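Written below as structure tokens is the structure these notes are about.
Protein chains: 4
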Amino acid sequence: MRGERDGTDDTDASGARQSIGARRNPASAAAILDAAEALLAEKGLGGFSIEAVARAARAGKPTIYRWWPSRTSLVLAVYQRSKQVLPEVDTGSVAGDCRAFLTSLLTYWRDTPSGQLFRSVVAEAQHNTEAAEVLAAYSDERHNGTANIFRRAMARGEIRADIDPVLAAEMLASFARGRLLTGRLDAPPAAIERVVDQFVGGLRA
Amino acid sequence: MRGERDGTDDTDASGARQSIGARRNPASAAAILDAAEALLAEKGLGGFSIEAVARAARAGKPTIYRWWPSRTSLVLAVYQRSKQVLPEVDTGSVAGDCRAFLTSLLTYWRDTPSGQLFRSVVAEAQHNTEAAEVLAAYSDERHNGTANIFRRAMARGEIRADIDPVLAAEMLASFARGRLLTGRLDAPPAAIERVVDQFVGGLRA
Amino acid sequence: MRGERDGTDDTDASGARQSIGARRNPASAAAILDAAEALLAEKGLGGFSIEAVARAARAGKPTIYRWWPSRTSLVLAVYQRSKQVLPEVDTGSVAGDCRAFLTSLLTYWRDTPSGQLFRSVVAEAQHNTEAAEVLAAYSDERHNGTANIFRRAMARGEIRADIDPVLAAEMLASFARGRLLTGRLDAPPAAIERVVDQFVGGLRA
Amino acid sequence: MRGERDGTDDTDASGARQSIGARRNPASAAAILDAAEALLAEKGLGGFSIEAVARAARAGKPTIYRWWPSRTSLVLAVYQRSKQVLPEVDTGSVAGDCRAFLTSLLTYWRDTPSGQLFRSVVAEAQHNTEAAEVLAAYSDERHNGTANIFRRAMARGEIRADIDPVLAAEMLASFARGRLLTGRLDAPPAAIERVVDQFVGGLRA
DNA sequence: ACCTAAGCGAGACGGTACGTCTCGTCTTGCG
DNA sequence: CGCAAGACGAGACGTACCGTCTCGCTTAGGT
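Protein chains in written order, with the working numbering: chain L, 1 to 205; chain F, 206 to 410; chain B, 411 to 615; chain P, 616 to 820.
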């Protein structure tokens, strides 16, 4: 029977996505971001190109350029969409919190696409002003979040009153980032323990 | 039929650098590295291309590819050539050494092309295995060098005997690298002082 | 990382020919063929390169390769476009027709770019199968056209009934082609007269 | 390709041919011409390059350029070396001589490398003045040789006294060349017979 | 119920850079 | 001085993407 339809018939067989009128099609945006994320996660910044994203998303290049005016902004959009604050655990001690922070961050970067994604953003930020600004702002924000570890500890009287929580957070996070960027995410618990011990306890005899 | 040319060659007759026989011409290598370094320092990885290097160096592309098989390896070569260990000062105290280390490193990166150069290497390492390996090896080596600060302090009995000097060096250097990669090399002395204080003295009350 | 560009694009703003949508731009095709014809006519196959054509036509190389997958096919396209059947004159006698044919053909080749164009096609056909096939097919077609001279004469009873008109045409044309390919287009009328006399009258005493 | 040896590879097992003092080494010249001829015969002008010849002959490029200043002159040298006048048969009749001439020429071109070689020379002559001159001179010489067919016939009184023997030879040879250049060397005896009949007997009823 | 406006896919456009090939020149070290 | 070897500057090869453009289609919302 000609007219037989099994509801799944939208847009012909090939699944071409079309305009939904004079407004942005969220399906296209999603398809593009999905494709971009997949490409970035899979091959990193190399192999990531607007053409490749358009192909993978079955989208037209102008559709991409309309909403993300450059490669960088698409990378950033993917990154913004995917990033999620790691659950902030409160172990009750600053050392425990630091250990949990480092462990979960390294694991998160190692076991999800986010690691590759963040590496891409950092790489992009090394020669693109916009990405650099986004990265700097994001770093501030994250360090500020992580600083809660030290604010709590200070409130408990566990650490010195003259500690700068954000600076301490930056120091801790920098170590993790250094490991990410040099491809050494697989630090054993003992190594993390040592880092935390030196960081919290200081070096002095 | 490929590459047919009519006699209109004339090679410009001017200061053309030519072969010096069946062996590498150091003048060409130097010109290429100089040009590559200039481009990298001036514009970063963007704007850095083999074509541009060849143009700037008045060299043929095959001459570049003969000796540096990829963009990455040329970036690395430039970087290897330019890097120089900062003078290792011995101020007599671990805090002084750390302060000197951070201050001179940030200044060096800020005031010489080396900062941009190193940023390029890091960016390259985020999607290129070879660059990643070189960066990892270089990081190890540098941290090991910086670790001398802590080895000396340990010998003086100034710091705990269970400190891992290399790990401590990595923590200190990671902070500096984090600043480089997020474009914040202009830390005032007070900020550096604080970092060193927290790092050496620890957080504990 | 490939093809990264900083914003310094600016496309010159002048008379840039651009896309007219997702279909071929005839202006580009014309500009390319014009440029190719000019280059071929001026310098022959030497000095003819896709790069040179692209430069002269202010076209991108991919635009050329999109429509003409090889140098050969571009040469053939130029040739196909330019070729035009010489007016078929009917002088009333086979000798007169042959004389007119040879004279006008040699003159045409000598005084228009077509001579150089045809030489290029022949040269190309000596090492390229596609060009060889096109040349063979074209030769057949032309000889068949020229054969009309002999068909008319046969109808008039002027020549033997067992003459093969196409073969006769090939013999006549081969002589002209031989002159073209050896650079002897300036045959005086007397020489042509003699060729025609021997050809039509035969050798026998 | 380096180690590949076909029989033509003189020079002993180690393969290194060296200077024999301050004079030309005939073994090198021979190896070069052999290699060039093999390449031309095998792949035609495409695939023929000085580099390829040098590789195949295990010769240095300067050695080639020393003796043959251009690709064209090397092609011509190969051609000159290989060309050999076909045995001039005297069948006693002009028609028989013409038939023998065409048959043996087409067969020779079809069954030996000489056909491809001559095609290369003709192609080269279409955009290279030197080759054009050599080809023109060679054509003259050959036509003059072939003209003997008609000189003999004239002496026998078999053909008209006002025939131009060289011109007649050119007409005959042009037909054969046309066939060579359009890749139609496999004319059956009947077709050749017909050509000869029309040529010798003329067209007139 | 039309009509305008904008988003969509598609893909051609002028370009730049890629990495490879050959050009013709040069200089070496050996014989 | 001839030779093999091979580096050199130059530039064409054919391909991949760049970012821009226009097309023909679709649909929503204002008239």
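Quick reminder that beta carbons are idealized off the backbone N, C-alpha and C, glycines included.
All figures in this text were calculated on a predicted structure; none of them were measured in a lab.
At least one CB of chain B closer than 9 Å to the CB of residue 695 of chain P: is that the case? Your numbering for residue 695 of chain P matches position 80 in the fourth sequence. So no, residue 695 of chain P is outside the interface.
Residue 50 of chain L: which of L:64, L:43, L:44, L:104 sits nearest, CA to CA? Start at 1 with the first residue of the first sequence, and residue 50 of chain L comes out as number 50. Of L:64, L:43, L:44, L:104, the residue nearest in Cα terms is L:64.
CB residue 397 of chain F to CB residue 374 of chain F, shorter than 9 Å? Reading the second sequence from its first residue, position 192 is the one you call residue 397 of chain F. Reading the second sequence from its first residue, position 169 is the one you call residue 374 of chain F. Judged by beta-carbon spacing, residue 374 of chain F lies beyond the 9 Å limit of residue 397 of chain F, meaning their Cβ atoms are not closer than that value.
Just mark residue 23 of chain L as buried or exposed, buried being the case when its beta carbon has 16 or more other beta carbons within 10 Å. Here the question's residue 23 of chain L lines up with position 23 in the first sequence. Residue burial annotation: residue 23 of chain L is exposed, with fewer than 16 other C-beta atoms found within 10 angstroms of its C-beta.
So what's residue 357 of chain B in DSSP terms, helix, strand or just coil? For chain B, the structure presents residues 411 to 615; residue 357 of chain B sits outside this window and is missing.
Rounding to the nearest angstrom, what Cα-Cα distance links residue 541 of chain B and residue 649 of chain P in this structure? Residue mapping note: residue 541 of chain B aligns to position 131 of the third sequence, counting from 1. Residue mapping note: residue 649 of chain P aligns to position 34 of the fourth sequence, counting from 1. Straight-line Cα distance between these residues: approximately 28 Å.
In the DSSP output, which residue or residues are listed as bridge partners for residue 204 of chain L? Along the first sequence, read from residue 1 onward, the residue named residue 204 of chain L stands at position 204. Under DSSP, the beta-bridge partners assigned to residue 204 of chain L are F:364.
Return yes when the Cβ of residue 701 of chain P is within less than 9 Å of the Cβ of residue 801 of chain P, no when it is not. Locating residue 801 of chain P in the fourth sequence gives position 186, counting from the first residue. Locating residue 701 of chain P in the fourth sequence gives position 86, counting from the first residue. For residue 801 of chain P and residue 701 of chain P, no; Cβs fall outside 9 Å.
In terms of alpha-carbon separation, which member of L:146, L:165, L:36 lies closest to residue 154 of chain L? Working through the first sequence from its first residue, we reach residue 154 of chain L at position 154. Of the candidates L:146, L:165, L:36, the one whose C-alpha sits nearest the C-alpha of residue 154 of chain L is L:165.
Which class does residue 106 of chain L belong to by DSSP, given the choice of helix, strand or coil? Residue 106 of chain L sits at position 106 when you count from the first residue of the first sequence. In this structure, DSSP gives residue 106 of chain L a helical state, which the three-state scheme calls helix.
Residue 93 of chain L: contacting residues in chain F (beta-carbon distance under 9 Å): Taking the first sequence and counting its residues from 1, one reaches residue 93 of chain L at position 93. Result: empty, since nearest Cβ-Cβ is about 11 Å, beyond 9 Å.
Member of P:761, P:694, P:772, P:790 whose CA lies at the smallest distance from the CA of residue 750 of chain P: Position 135 of the fourth sequence, counted from the first residue, corresponds to residue 750 of chain P. When each option's Cα is compared against that of residue 750 of chain P, the closest is P:694.
I'd like the list of long-range same chain contacts for residue 663 of chain P, defined as Cβ closer than 8 Å, with 5 residues on each side in sequence excluded. Residue numbering aside, residue 663 of chain P sits at position 48 when the fourth sequence is read from its first letter. Setting aside the 5 residues that flank it on each side, residue 663 of chain P is surrounded in the same chain by 651, 654, 655, 686, 690, 735, each with a C-beta closer than 8 Å to its C-beta; the list follows chain order.
Under 7 Å Cβ to Cβ from residue 778 of chain P, same chain only, skipping five residues before and after it: list those, please. As a first step, residue 778 of chain P is located in the fourth sequence; it is residue number 163 there, counting from the start. If we look at residue 778 of chain P and ignore the five residues flanking it on each side, its Cβ neighbours are 765, 769.
Measuring only between beta-carbons, confirm whether residue 387 of chain F sits less than 9 Å from chain L. Residue mapping note: residue 387 of chain F aligns to position 182 of the second sequence, counting from 1. It does: the Cβ of residue 387 of chain F has a partner Cβ on chain L nearer than 9 Å.
Could you tell me which chain L residues have their CB closer than 9 Å to the CB of residue 275 of chain F, listed as they occur along the chain? Counted from its first residue, the second sequence places residue 275 of chain F at position 70. Ordered by position in chain L, no residue passes the 9 Å Cβ test against residue 275 of chain F, which lies about 11 Å from the chain.
Residue range of the alpha helix (DSSP H) that includes residue 731 of chain P: Along the fourth sequence, one-based indexing puts residue 731 of chain P at 116. In the DSSP assignment, residue 731 of chain P falls within the alpha helix (DSSP H) that extends over 729-740.
Could you check whether the Cβ of residue 743 of chain P sits closer than 9 Å to any Cβ belonging to chain B? As a first step, residue 743 of chain P is located in the fourth sequence; it is residue number 128 there, counting from the start. Contact with chain B is found for residue 743 of chain P, since one of that chain's Cβ atoms lies less than 9 Å from the residue's Cβ.
The stretch 785-792 of chain P contacting the stretch 584-600 of chain B, beta-carbon criterion three pairs below 8 Å: With a cut-off of 8 Å, the stretch 584-600 of chain B and the stretch 785-792 of chain P count as touching, because enough Cβ pairs lie within range.
Within this structure, are the beta carbons of residue 266 of chain F and residue 323 of chain F separated by less than 9 Å? For this step, residue 266 of chain F is matched to residue 61 along the second sequence. For this step, residue 323 of chain F is matched to residue 118 along the second sequence. Between residue 266 of chain F and residue 323 of chain F, the CB-CB gap reaches or exceeds 9 Å.
Closest to residue 55 of chain L by C-alpha separation, out of L:31, L:77, L:68, would be which residue? Translated into the one-based positions of the first sequence, residue 55 of chain L becomes position 55. Among L:31, L:77, L:68, the Cα nearest to that of residue 55 of chain L belongs to L:31.
With burial defined as no fewer than 16 other Cβ atoms inside 10 Å of the residue's Cβ, what is the status of residue 438 of chain B: buried or exposed? One-based indexing of the third sequence puts residue 438 of chain B at position 28. Counting every other CB atom within 10 Å of its CB across the protein chains shown gives residue 438 of chain B a total of 16 or more, marking it as buried.
Are residue 410 of chain F and residue 160 of chain L touching if we call contact CB-CB under 9 Å? The count along the second sequence starts at 1 and reaches residue 410 of chain F at position 205. The count along the first sequence starts at 1 and reaches residue 160 of chain L at position 160. Yes. Within cutoff.
For residue 579 of chain B, name the three-state secondary structure that DSSP assigns. Mapped onto the third sequence, residue 579 of chain B falls at position 169. Of the three classes helix, strand and coil, the one that applies to residue 579 of chain B here is helix, per DSSP.
Check whether chain F comes within 9 Å of residue 50 of chain L, counting only Cβ atoms and requiring the distance to be less than that. Taking the first sequence and counting its residues from 1, one reaches residue 50 of chain L at position 50. No, residue 50 of chain L lies away from the interface with chain F (no Cβ there is under 9 Å from its Cβ).
Pull up the distance between the alpha-carbon of residue 197 of chain L and that of residue 372 of chain F, whole angstroms please. For the purposes of this step, residue 197 of chain L is taken as the residue at position 197 of the first sequence. For the purposes of this step, residue 372 of chain F is taken as the residue at position 167 of the second sequence. Using only the alpha carbons, I get a separation of about 11 Å.
Span separating the alpha-carbon of residue 202 of chain L from that of residue 307 of chain F: Along the first sequence, read from residue 1 onward, the residue named residue 202 of chain L stands at position 202. Along the second sequence, read from residue 1 onward, the residue named residue 307 of chain F stands at position 102. Each residue's Cα considered, the two are about 17 Å apart.
Can you tell me which of the three DSSP states residue 695 of chain P falls into? By one-based count along the fourth sequence, residue 695 of chain P stands at place 80. Secondary structure at residue 695 of chain P: helix, using DSSP grouped into helix, strand and coil.
Taking 9 Å as the threshold (beta carbon to beta carbon), is residue 106 of chain L in contact with chain F? Taking the first sequence and counting its residues from 1, the one referred to as residue 106 of chain L is at position 106. The beta-carbon of residue 106 of chain L is placed no less than 9 Å from the nearest beta-carbon of chain F.
Does residue 387 of chain F pass the burial test, meaning 16 or more other C-beta atoms within 10 Å, or should it be called exposed? The count along the second sequence starts at 1 and reaches residue 387 of chain F at position 182. Taking a 10 Å sphere around the C-beta of residue 387 of chain F, we find 16 or more other C-beta atoms and assign the residue as buried.
Please state the DSSP three-state secondary structure of residue 44 of chain L. Here residue 44 of chain L is taken as the residue at index 44 of the first sequence, counted from 1. Reduced to three states, the DSSP call for residue 44 of chain L is coil.
Let me know if residue 426 of chain B comes out buried or exposed under the rule of 16 or more other beta-carbons within 10 Å of its beta-carbon. Along the third sequence, read from residue 1 onward, the residue named residue 426 of chain B stands at position 16. Residue 426 of chain B should be labelled exposed.
Write down the C-beta distance between residue 405 of chain F and residue 300 of chain F rounded to the nearest angstrom, noting that I regard them as a contact closer than 8 Å. Along the second sequence, one-based indexing puts residue 405 of chain F at 200. Along the second sequence, one-based indexing puts residue 300 of chain F at 95. Right, the Cβ-Cβ distance comes to about 5 Å (below 8 Å), so this counts as a contact.
With 16 other CB atoms within 10 Å as the buried threshold, where does residue 351 of chain F fall? Your numbering for residue 351 of chain F matches position 146 in the second sequence. So residue 351 of chain F ends up on the buried side.
When we look at the beta-carbon of residue 707 of chain P and count the other beta-carbons within 10 Å, is it buried (16 or more) or exposed? As a working mapping, residue 707 of chain P is identified with position 92 in the fourth sequence. Flag for residue 707 of chain P reads exposed.
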